[in-house]
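For the sequence shown, our numbering gives the first residue as 60, with consecutive numbering after it.
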Amino acid sequence: MNEEYYGNIGEWEGHDGNMEDGYADAEADGKVQEECLQKFSSRDYIMEPTVFNTLKTYFQAGGSPEHVIQLLSENYSAVAQTVNLLAEWLIQMGQ
60 MNEEYYGNIG
70 EWEGHDGNME
80 DGYADAEADG
90 KVQEECLQKF
100 SSRDYIMEPT
110 VFNTLKTYFQ
120 AGGSPEHVIQ
130 LLSENYSAVA
140 QTVNLLAEWL
150 IQMGQ
């Protein structure tokens, strides 16, 4: 029953139970940002269903909106949209 109210010790001391002047949080945030940036750098990631969750995670870790916008726009090549357009044209031509 105490677990219900107090949870585990990590809830009292932070994420890893070892918080020294916020360095652990800063290091964890940096790692989260790097992982998110790696995803944002992949081709057409903006079309992925998980993009909103990744954006939320990145911003919660203190990420820069300008960097995300740059990466998502530079890596957008519209592959799926181009294929859909070509398929639509073929259908209209009767192929």
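Cβ atoms here follow ideal geometry from the backbone N, Cα and C, with glycine treated the same way.
Checklist entry - Do Q92 and A120 come within 7 Å of each other at the CB atom, strictly closer than that value? => result yes
Checklist entry - Quick one, which of A139, I150, V142, F99 has its alpha-carbon nearest T113's? => result F99
Item to check | alpha helix (DSSP H) runs wholly inside the segment 71-141, at least 4 long, in chain order | outcome: 82-99, 110-119, 124-133
Next on the checklist: N143 and R158 - do their beta-carbons sit closer together than 7 Å?
Outcome noted: Because the chain is modelled from 60 through 154, residue 158 falls outside the range shown and cannot be assessed.
Item to check | Nearest to A117 (by Cα), restricted to the options T141, A146, Q97 | outcome: Per the sequence presented here, residue 117 reads as Tyr, with Ala not at that position. Nearest of T141, A146, Q97 to Y117, Cα basis: Q97.
Checklist entry - Straight-line CA distance for I150 to T141? => result 14 Å
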